[in-house]
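Chains as they are written, first to last, in our numbering: chain A, 1 to 259; chain B, 1001 to 1438. The structure appears right after this line, and notes come after that.
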Amino acid sequence: MSAAVAVGIDAGSTTCKAVAVDAGGAIIARRLAAADPRIEAQTERMLAELAAEVGAGLPVGATGYGRKRVRAARTLTEITCHARGAYAHMRCAGLLIDMGGQDTKVIRIGPAGDVVDFAMNDKCAAGTGRFLEVILGRLHVPLAEVAERVARAERAVPVSSTCTVFAESEVISLVAEGQPLEGIVKGLHQSLASRVGALARAGAIDVDVFMSGGVALNAAMVAALQEAMGRPVKVLPDPQLVGALGAALSVVPAAYLFA
Amino acid sequence: MILRRLQYEMAGRVVGPVVLALEEWQRRQRRRGKKPKESPLGPPLECTRKLKELMSLHYLQGRYADGAVPVAWVTSGFPVEILRPLGFHVVYPENHAAMCGVVRMVTRLSDAVEKEGYSRDLCSYARTDLGSVATGETPAGRLPRPDLLACCTNICQTVLYWYRALAERLKVPLVLVDTPFVYGESKPHHLAYVRDQLAELVEAAERVAGRKVDPAELSEATRLAKEGTRLWAACLATGKHRPAPWTGIDGFFHMAPIVALRGTEECNAYYRILRDELEDRARRGIGGIREERHRLLWDNLPIWFATREISTLLAGRGFNFVCTSYTNAWAEAGMRTDPADPIGSAAVAYTHIILNQDLRNRMGILSRLAREYQADGAVLHSDRSCKPYSIGQVDLKERLARELGIRVLLLEADHNDPRAYSSEQAENRLTAFMESFG
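Here it is as structure tokens:
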């Protein structure tokens, strides 16, 4: 195994992720766990585990909403880190859609990996991973079965509410009316995809579209996004770790970058 | 009446200055020996103390205005020059609402009228003002009861309903100046329509004041207002220097006299001192922030309750707002006034303010400001409370980025209601925006 040169940690609202990278920018160690509100304790524990695996004393880059609580780390916003992490895979200009637990980001990345522009959902977690989690939980549909259920749907049952709480009562009514469960789940994905598409201003996209974040692991959501945007959506490798990767790449000592 | 007038004059000329001097002395005593806090902002403007004095005196005198002189409450875009020769004491509910925002009284005042059924979707200035009237609470101690409400629709349509609500609540006459929206160029019949309303306004104001307008005095008030506009424009123009000698946030506070005291000699005297101080700072290379690395344009009203938080966050990374479309609005419209034709020229000037013109005009103003002030980025505040100012910003953002090659951020907030603002999210977006400059 090559030597680690930097560590990145993404203290998100739903999950906490940490990676160690080598001089080539490859992830050589990783940790991922459900977020603990005691951020300091959790991030310290994760960093200690990584240090035990790849060696101590490495520079740490931190991102995510809990970034300021990570000790002795350089902090950067999720926008910058996701762009850097994504560009390490993309190596070209593109549009990145990151759908995380409680926010969705759309980042326009330039040909040199710079952030050209970005947009985020505001003040509301509708249109995020948590939205799907809450509603699917209510319908007793396990995440592992979502893609298969959506594929089985004959038609999508429209879900018009974009508020998580209102959507929850809407789907309960739909179930009570006897609407097929598969169709409701498909409708939910379409509703979410159209919100994200609007955030990305789907009609104005002239570059490849990439996706990261925990929701990228849901194939049904990727398919719904492709349909809403009218173009292929490529899921990045290790989509949940893109932010942590970007944080690590941001603190790789200059000596390695020019080696 | 005579006693009341004496109180009013004494408050402005004797009691006020003494109280303020005493307060200033106490403040200095408290600060003696204390080390100034570390800040990424530049040394504070000397003028800030004078500004505080000027505005405090205005509000202090206002406490004794009703019964002493005629009192008018007016909208920010109202042709106030016309009321000056009749001796009106003028109160700007918007300026007063901003003051409530800075001292964080808005939630309480707004709650009071929301309980009466006013929607939270209404402008937070309107809710603050109506809340202040309903509860009698104000940071100014007391606002004088108006004899006349004067409303001009050149800033939005909300003011029409807001002032109607005030008229009903306070049982005072309301004069309305309706300004047709300008698409491209204004039409002669639009201007004639506004001019006719201004003539009617003069008659209504004369009835309230109990005397006739002296044409020479009206011309003089217009001359003073125009000179004030020129002086304010000169203050803003100092921002073109590198580094800019002040911040756009400073500008938001120092605009109070051109809004509330326009057409008076006190206003102009103040801006002469401010202009001289800014020009002196520019000559000596003293910046509004300690280290200016990037220059930004701000569009829309400020976020009154978070101005300090935002300017400090940005200054910490070398970003300064060197120009704002909002403060610029008071450096433009007044230029069209003419002392030789106070009414006719006011019709032209007040019809052509930024919010009464189409998006093409807005784009022209933003792009000219960005070029003249050499801004390398822009923050467009999408203001939940000010729909006319916020509509079209998505397109403006794209055009500014494309045509000027600058980075642009759309920041969602509210000018006066902290409940429509998420500090953590705003900080995150602003930080990400600053990081994108590399």
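Think of the CB as a built atom: it goes at the ideal place given N, C-alpha and C, for glycine as much as any other residue. In this text the structure is predicted, and so the values were computed from the model without any measurement.
CA-CA distance, B/R1005 to B/H1096, rounds to 23 angstroms. Linking B/P1388 to B/S1382 through their CA atoms gives a straight-line distance of about 10 angstroms.
For a cut-off of 8 angstroms, the C-beta gap from A/C16 to A/G246 is around 15 angstroms, too long to register as a contact. By alpha-carbon distance to B/E1009, the top candidate from B/A1221, B/V1208, B/G1087 and B/E1424 is B/G1087.
If only uninterrupted alpha helix (DSSP H) runs of at least 4 residues are considered, those enclosed by the stretch 1219-1305 of chain B are 1248-1254, 1256-1260 and 1265-1284. By the Cβ neighbour-count rule, B/L1003 is exposed, with fewer than 16 other Cβ atoms within 10 Å of its own.
The stretch 45-54 of chain A makes no contact with the stretch 91-104 of chain A: fewer than 3 CB pairs, one atom from each, lie closer than 8 angstroms. Contact check between the stretch 54-65 of chain A and the stretch 15-32 of chain A: three or more CB pairs, one atom from each, fall below 8 angstroms, which counts as touching. Contact between the stretch 1075-1095 of chain B and the stretch 1267-1280 of chain B is not established, with fewer than three Cβ pairs separated by less than 8 angstroms. Within 7 angstroms of the CB of B/T1431, the CB atoms of chain A belong to T77, in sequence order along the chain. Nearest CB-CB separation between A/Y65 and chain B: below the 9 angstroms threshold.
Of all alpha-carbon atoms in A/A147, A/V165, A/E78 and A/A200, the one lying nearest the alpha-carbon of A/A223 is that of A/A147. Between the C-alpha atoms of B/Y1125 and A/V209 there is a straight-line separation of about 42 angstroms. Nearest CB-CB separation between A/M120 and chain B: below the 9 angstroms threshold. For B/F1181, there is no enclosing alpha helix (DSSP H), since its DSSP letter is neither H nor E. Taking 9 angstroms as the threshold, the shortest C-beta distance from B/L1236 to chain A does not fall below it. Look at B/K1052 here: in three-state DSSP terms it is helix. Relative to B/P1017, the option among B/L1041, B/A1370, B/R1049 and B/R1030 whose CA is nearest is B/R1049. DSSP places A/C81 within a helical segment (H, G or I) once states are collapsed to three. Taking 9 angstroms as the cut-off, the beta carbon of B/L1409 is found no closer than this to the beta carbon of B/T1247. Here B/G1316 is actually not in contact with B/N1268; their C-beta atoms are around 36 angstroms apart, not less than 8 angstroms. DSSP, read as helix, strand or coil, puts A/H89 in helix.
If the five residues before and after A/V235 are omitted, its C-beta is found closer than 7 angstroms to the C-beta atoms of M211, A216 and V222, all from its own chain and listed in chain order. The bridge partners DSSP lists for B/H1089 are B/V1071.
According to the DSSP secondary-structure assignment, B/A1333 is paired through a beta bridge with no residue.
For A/D117, the enclosing beta strand (DSSP E) has its first and last residue at V115 to M120. In this structure, A/A200 and A/I97 form a Cβ contact; the two beta carbons are roughly 6 angstroms apart against a cut-off of 8 angstroms. B/T1222 is positioned such that its CB atom lies closer than 9 angstroms to that of B/A1346. At a cut-off of 9 angstroms between beta-carbon atoms, A/D117 makes contact with chain B. Here B/L1396 is actually not in contact with B/L1355; their C-beta atoms are around 14 angstroms apart, not less than 8 angstroms. As DSSP reads the structure, B/H1352 sits in no beta bridge.
Inter-residue distance for B/D1338 and B/M1255 is about 22 angstroms (C-alpha atoms, whole angstroms). Taking the beta carbon of B/A1401 as reference, the chain A residues within 9 angstroms of it are V116 and D117, listed in sequence order. About 6 angstroms separates the beta carbon of B/A1370 from that of B/L1404, a gap short enough to meet the 8 angstroms contact definition. By the Cβ test, the stretch 1021-1038 of chain B is not in contact with the stretch 246-255 of chain A, since fewer than three Cβ pairs between them sit closer than 8 angstroms. Contact note: B/E1435 reaches chain A through L76, T77, I79, T80 and V115, using a C-beta cutoff of 8 angstroms and chain order.
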